[in-house]
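Chemist: Pasting in a structure now, in structure tokens, and then I'll have a few things to ask.
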Amino acid sequence: MKQAVALHLFLVALVCFSVLLVRAEDEFKYFTWVVTYGTIAPLGVSQQGILINGQFPGPQLDSITNDNMVINVFNYLDEPFLITWHGIYQKKDSWQDGVLGTNCPIPPNSNFTYQFQTKDQIGSYMYYPSTLLHKAAGGFGGLTVYDRSVITFPYDLPAGDFTLIIGDWYKTSHKELQQTLDSGKTLPFPDAILINGQTNNTFTGDQGKTYMFRVSNVGLSTSFNFRIQGHKLTLVECEGSHTMQEIYDSLDVHVGQSVAVLVTLDQPSQDYFIVASSRFTKPIITTTAVLHYSNCMTPPTEPLPAGPTYQIHWSMKQARTIRWNLTANAARPNPQGSYHYGTIPIQRTLILANSEAQLNGKLQYAVNSVSYVNPDTPLKLADYFNILGVYDLNTIQDSPTNGPVYSGTSVIGITLHDFVEIVFQNNENTIQSWHLDGYNFWVVGYGSKQWTPTMRKRYNLVDAVARHTVQVYPNSWSAILVSSDNKGMWSLRSQIWARQYLGQQLYLRVWNNVTSLYTEYDIPSNAILCGKAAGLQI
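If you use mature numbering (1 follows the signal peptide of the UniProt record, and there is no 0), the sequence shown corresponds to residues -24 to -1, 1 to 514, in order.
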């Protein structure tokens, strides 16, 4: 009996120690970011860039699951400014989302402190400006959430970890690009693709060792294909989800997407080209970096490794091979496969069709015939202060109307905990990319031409990868399933930035009438108030 009591007390103590250990890892990390203009020349031509703490791209932001991030952002630009944390859940806290539907922008010569927790997530993410065309000038960087020490991951610890922020780039200033869009014209073809803000990066590793490459597409409009000369890519993570470890010669990465691959330096000792080349564009833009074997002095040699051809079918087929690893732990020690999304009844279906139109002689983009207009008062503040007239839940319909395009502030009301099917219908000849803040969703299907309800028979209802950004191929559709368990006002927007800027976005208002900190955090005490909320008391 005494032995049993002693064993029980020992086990209790062990559990308490484990709890203390976990809580000790829920650290607070503090950052001060100063946002300024500065002269940069990534293509050899001096231009105005947006720097964070004097850096272009901005500083790498590293955290561990459940860390509390406190980031004080000082805006010394001549325009209002916001940063969005692309792919971070912001669980119960759309107040920290950093988009104009939830936050007033930070005025010039002012600051705002973001406070959020990287709650129950791991993986490769990024941050970037969400206002105007600031993204075209910089202000972006990598954001990595590492596993806690008590969580295992389904591969051996790599010898090193490289973050590659890749995107298309213009020599033209962001203000000139904005003027182009404001005048009713389309953006010109990009001048180049950059890797970490340069065209001549080198990544060094030891022969025989395995390294992780975290690759994100922070561009304005261009999908790219990523490959490393002579080396295989083992996909292990996609936007916060462990994946089945398929091996690829190259990977398509669309705008707003992030992947992590393991690369073993198992080739003869010399240097090799890392290549990113544009997809679905004519002409093709290509940039290179170097994978340097530390024990060699031999530079890489051409030819560059060939990428895929223009065919959409190849890319769509590859996309279907990216599947969830149902046996791996996630951020918490719960098997990801314990959530059987394919068995949950769908409560609501949204069919969202993108389109292009001329309004008052100027180019605009729309979703279900509505071209989004940002109101002066953020939608979230309008809800909090019960300010009427900022938006109307009847502005946009659940399916395409085939009517003329008009301007409006599109908000779709979703009941908290509803299980929602969203079909992105693309009837245009260009590739689209869609991102939903505050959520991961299951990408259950891709297909060509028009979606119909019979397409549900082709859905992957077992191991579709959970992610936050999805591509929609030309004249095709993509379908996702969303568990609306995160109360708030959430941006659903095109990642093709000109389209987002000219109206191809909307908001999902995930709501119930119960006010509780269990479902949503209260307005932060440092919230900036603007529009019809200016001067009100929190």
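Every residue gets a Cβ at the ideal spot worked out from N, C-alpha and C, and that includes glycine. These figures come from a predicted structure and were not determined experimentally.
Would the region 187 to 195 count as touching the region 232 to 240 if we require 3 or more Cβ pairs under 8 Å?
Modeler: Short answer: they touch.
Chemist: Please report the straight-line C-alpha distance between S501 and S70, rounded to a whole angstrom.
Modeler: Approximately 14 Å between the Cα atoms of the pair.
Chemist: Excluding sequence positions up to five away, which residues of its chain have a Cβ less than 6 Å from the Cβ of D265?
Modeler: Here the sequence assigns Ala to residue 265, which means Asp is not the residue at that position. Cβ within range, chain order: I171, N177, I250.
Chemist: Distance, Cα to Cα, M45 vs Y6?
Modeler: Each residue's Cα considered, the two are about 6 Å apart.
Chemist: Report all residues from its chain with a CB closer than 7 Å to the CB of F57; omit the five preceding and five following residues, and keep chain order.
Modeler: Excluding positions up to five away in sequence, the list reads V11, N51, P81, I82, P105, T107, H110.
Chemist: Between the Cα of Y497 and those of S100, F129, K68, spot the shortest distance and give me the residue it belongs to.
Modeler: For the residues S100, F129, K68, the minimum Cα distance to Y497 belongs to K68.
Chemist: For the region 137 to 219, which segments carrying the alpha helix (DSSP H) assignment without a break, of at least 4 residues, lie completely within its bounds, in sequence order?
Modeler: Whole alpha helix (DSSP H) segments, 4+ residues: 150 to 158.
Chemist: For the alpha helix (DSSP H) containing I288, list its first residue and its last residue.
Modeler: Counting along the chain, the alpha helix (DSSP H) containing I288 begins and ends at 288 to 296.
Chemist: What does the Cβ neighbour count give for H289, buried or exposed, with the cut at 16 atoms within 10 Å?
Modeler: Its Cβ having fewer than 16 others within 10 Å, H289 is exposed.
Chemist: With three or more beta-carbon pairs closer than 8 Å as the criterion, would you say the region 388 to 397 touches the region 314 to 328?
Modeler: These segments touch.
Chemist: If you follow the alpha helix (DSSP H) that D359 is part of, which residue opens it and which one closes it?
Modeler: First-last of the alpha helix (DSSP H) with D359: 355 to 360.
Chemist: Let me check one thing: in DSSP terms, what residues is A474 bridge-paired to?
Modeler: DSSP, once it has assigned bridges, lists no residue as partnering A474.
Chemist: Does DSSP classify Y382 as helix, strand or coil?
Modeler: If DSSP states are grouped into helix, strand and coil, Y382 belongs with the strands.
Chemist: Would you grab the beta carbon distance between Y449 and S291 for me? Rounded to a whole angstrom, and I think it's under 8 Å.
Modeler: That pair is a contact at about 7 Å.
Chemist: Excluding the 5 residues flanking I499 on each side, which residues of the same chain have their C-beta closer than 7 Å to its C-beta?
Modeler: Result list for I499: W71, Y360, I514, in chain order.
Chemist: Take I407 as the anchor and find which of L302, S197, K508 has the nearest alpha-carbon.
Modeler: Closest option to I407, Cα to Cα, is S197.
Chemist: Beta carbon of F202, beta carbon of S226: below 8 Å?
Modeler: For F202 and S226, yes; Cβs fall inside 8 Å.
Chemist: Please state whether DSSP places W427 in a helix, a strand or coil.
Modeler: Three-state DSSP puts W427 in coil, outside helix and strand.
Chemist: Checking contacts by CB at 8 Å: is Y341 closer than that to chain C?
Modeler: Considering every chain present, this structure includes no chain C. It has just one protein chain.
Chemist: With DSSP collapsed to three states, give me the class of P311.
Modeler: Unreliable placement is indicated for P311, whose pLDDT of 41 sits below 50; no coordinate value is reported for it.
Chemist: List the endpoints of the continuous beta strand (DSSP E) containing M273.
Modeler: No beta strand (DSSP E) contains M273, which DSSP labels as neither H nor E.
Chemist: Consult DSSP for H110 and reduce its assignment to one of helix, strand or coil.
Modeler: The answer is helix: DSSP assigns H110 an H, G or I state.
Chemist: How would you write the range of the beta strand (DSSP E) that N48 sits in, first residue to last?
Modeler: Start and end: 44 to 51.
Chemist: What are the start and end residues of the beta strand (DSSP E) that includes V231?
Modeler: Run containing V231: none; DSSP gives neither H nor E here.
Chemist: Skipping 5 residues on each side, what residues in its chain have a beta carbon closer than 6 Å to that of Y90?
Modeler: The residues are I47, Q72.
Chemist: Does the pairing of the region 484 to 492 with the region 440 to 457 give three or more beta-carbon distances under 8 Å?
Modeler: Contact between the region 484 to 492 and the region 440 to 457 is absent, because fewer than three Cβ pairs lie under 8 Å.
Chemist: Taking 8 Å as the threshold (C-beta atoms), are S409 and Q471 in contact?
Modeler: Yes.
Chemist: Determine the contact status of I141 and P244, defining contact as a CB-CB distance below 8 Å.
Modeler: Cβ distance not < 8 Å, so I141 and P244 don't count as in contact.
Chemist: Which value, in whole angstroms, describes the spacing of the CA atoms of A304 and D228?
Modeler: Straight-line Cα distance between these residues: approximately 24 Å.
Chemist: What are the partner residues of F417, as DSSP defines its beta bridges?
Modeler: Note: F417 sits in a beta bridge opposite R443.
Chemist: In whole angstroms, give me the CA-to-CA distance for S253 and S345.
Modeler: Each residue's Cα considered, the two are about 33 Å apart.
Chemist: Would you call the CB atoms of G25 and A113 closer than 8 Å?
Modeler: Yes, these two residues count as a Cβ contact at 8 Å.
Chemist: Mind checking which residues open and close the beta strand (DSSP E) that includes G118?
Modeler: Per DSSP, G118 belongs to the beta strand (DSSP E) from 117 to 122.
Chemist: Take S454 and list the residues in its own chain whose beta-carbon comes closer than 6 Å to its own, dropping the five residues that flank it on each side.
Modeler: For S454, where only same-chain residues beyond five positions count, the Cβ hits under 6 Å are F400, Y422, V446, V448.
Chemist: Assign A(-1) to one of two classes, buried (16 or more other C-beta atoms within 10 Å of its C-beta) or exposed (fewer than that).
Modeler: Here the model assigns A(-1) a pLDDT of 49, short of 50, so the residue's position is not dependable, and the following value carries that caveat. Classification for A(-1): exposed.
Chemist: Distance, Cα to Cα, V438 vs Y494?
Modeler: Between V438 and Y494, the C-alpha separation is close to 30 Å.
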